[in-house]
Amino acid sequence: MTTVLLTGATGYIGSHTWLALKHAGYDVVGVDNFANSSPQVLDRLATLLGEAPVFEEADVNDAAAMTRVVSAHGAQAVVHFAAHKAVGESAEKPLEYFRNNLGGLVNVAQAMADQDVFALVFSSSATVYGQPETLPIAESAALSATNPYGLTKLMGEQLLRELERCDPRWKIGYLRYFNPVGAHPSGLIGEDPRGIPNNLMPYVAQVAVGKRPFLQVYGNDYDTPDGTGVRDYIHVLDLAAGHVAAVRHLLERKQSLTVNLGTGQGYSVLDVIRAFERASGRAVPFKTVARRPGDVAACYADATLARELLGWQAERGIDAMCEDAWRWQSRNPQGYAPALGAAD
Ligand code: NAD
Ligand code: WQD
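In terms of the working numbering, the sequence shown opens at residue 1 and continues consecutively.
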């Protein structure tokens with residue numbers, strides 16, 4: 001049996017990837033410090049898996065803990081999701097982002113090297129393309145950072161490329177996610193942002209369920225078909241399947257790879273609103289406001305390389321993304337928060 005260690009395992013993408021790896025026949029050990037997730041995820045995973053998930057509560061910055069976890073479970077590959085991810089917050093607390101996202105990465109890589117484990121998947125992001133010059137965006141496009149969060153992804157990639165240049169035993173999957181949305185179709189796990197959502201889909205879902213009165217559409221004067229921002233939304237189940245393919249590639253082909261994980265299809269903010277209204281049967285009122293600083297007009301992937309190298313492509317469209325996001329939101333209006341009156 002091959003064991004894969006997931007850091008940030010109880011987070012949004014980690015929890016879905018956990019299920020996908022288990023269903024593909026891997027053993028999984030999850031690590032998280034619950035900085036941005038709930039222990040309840042573990043109960044939900046137990047229900048979905050039919051067994052207790054193997055989990056260690058630890059901070060990826062804790063060197064002793066990470067070395068112990070990698071060795072105790074005999075992990076052969078690591079998927080490193082653990083990071084802070086809020087763009088706006090990163091400008092307020094850049095050092096915290098550098099410490100957690102880059103310090104954590106170095107620490108995890110050190111714990112792996114100490115145990116002779118050299119297969120690593122790194123959660124990168126389309127944010128490394130900065131202000132894209134051409135669309136769709138291929139992996140060969142110019143890279144830049146426009147905020148501290150983006151810099152941690154760009155520098156994380158650079159640091160790992162230098163690591164594998166110095167020690168070719170490293171085989172690294174640089175997965176550049178576009179805009180992950182949706183939820184597991186069971187409605188048991190999904191995205192549970194704390195406070196006011198920064199991202200479009202969870203905000204739209206909270207408006208549809210009545211938790212927020214209206215959506216603010218950030219600008220309708222972009223150079224796009226309807227003037228609103230265009231993004232490449234990808235169902236989190238497709239994203240999870242991309243991780244399974246990447247882990248398999250690293251362990252079996254023993255080659256590093258850098259790929260976009262997107263659908264290749266762009267949708268505008270208004271497209272998303274309409275799709276969500278169709279999926280939920282609810283109105284999503286909105287007001288157009290000024291552009292959000294730092295936003296690009298359009299960002300969508302050239303998804304060819306992942307198909308060629310991994311035999312992977314996204315299968316779910318915008319309707320499935322909204323239907324699954326709605327099932328999660330409507331069944332868990334307070335996210336993972338315990339129901340009122342529940343014990344403790
Ligand atoms: P998330 O916040 O839901 O999950 C991240 C998990 O990491 C959380 O459970 C958090 O508690 C944990 N974590 C953070 N710091 C930790 C630490 N020091 N030690 C242990 N655990 C820690 O975010 P997500 O959306 O699942 O994102 C996963 C990864 O994908 C992140 O690296 C993120 O930057 C990257 N990414 C996300 C998106 C997106 O839009 N969701 C897009 C591109 C890339
Ligand atoms: C999508 C579109 C907004 C909210 C961010 C990060 C990126 C990546 C994914 C991690 C844009 C518009 C949004 C709202 C709106 N994360 N919008 N009203 O900005 O593409 O990417 O998350 O790596 O780094 O920057 O995603 O969901 O925030 O926005 O009109 O309340 O929706 O302007 O056009 P974005 P998003």
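We treat Cβ as the ideally placed atom computed from N, Cα and C, and that holds for glycine.
| Query | Result |
| --- | --- |
| Neighbour-count burial assignment, L95, 16 or more Cβ in a 10 Å radius | exposed |
| Check whether L305 and A63 have beta carbons under 9 Å apart | no |
| CA-to-CA distance, R99 to R316, given in whole angstroms | 36 Å |
| First through last residue of the beta strand (DSSP E) which encompasses V284 | Counting along the chain, V284 falls outside any beta strand (DSSP E), and DSSP gives it neither H nor E. |
| Among A240, R291 and A75, nearest to T3 - alpha-carbon criterion | A75 |
| Three-way DSSP call (helix, strand, coil) for D226 in this model | coil |
| G11 CB to nearest heavy atom of the ligand NAD below 8 Å | yes |
| Element boundaries [beta strand (DSSP E), containing R176] | K171 to Y177 |
| Residue of A297, N260, V247 and Q40 minimising C-alpha distance to F118 | V247 |
| Close beta carbons around A342, own chain, < 8 Å, minus the five adjacent residues each side | Residue placement at A342 is poorly supported in this model, since its pLDDT is 48, which falls under 50; the coordinates still yield a value, given next. If we look at A342 and ignore the five residues flanking it on each side, it has no Cβ neighbours. |
| Where G30 falls: helix, strand or coil (DSSP) | strand |
| Sufficient close CB pairs (3 or more, under 8 Å) joining the stretch 143-158 to the stretch 237-253 | no |
| Nearest neighbour of V60, chosen from H80, D43 and S71 [CA to CA] | H80 |
| Alpha helix (DSSP H) segment containing I189, residue limits | It is not in any alpha helix (DSSP H) - I189 carries neither H nor E in the DSSP assignment. |
| Under the three-state DSSP convention, the category I137 falls into | strand |
| Same chain, Cβ closer than 7 Å to Q265, neighbours up to 5 away in sequence not counted | D232 and Y300 |
| Where H421 falls, given that 16 or more other Cβ within 10 Å makes a residue buried | Absent from the structure is residue 421, since the part of the chain shown begins at 1 and ends at 344. |
| Residues of its chain near K211, where Cβ-Cβ distance is below 7 Å and the 5 sequence neighbours each way are ignored | P333 |
| CA-to-CA distance, Q216 to D344, given in whole angstroms | Its pLDDT being 43, under 50, D344 is placed unreliably by the model, and the measurement read from it follows with that caveat. Rounded to the nearest angstrom, the two C-alpha atoms are 36 Å apart. |
| For Y218, the first and last residue of its enclosing beta strand (DSSP E) | L215 to Y218 |
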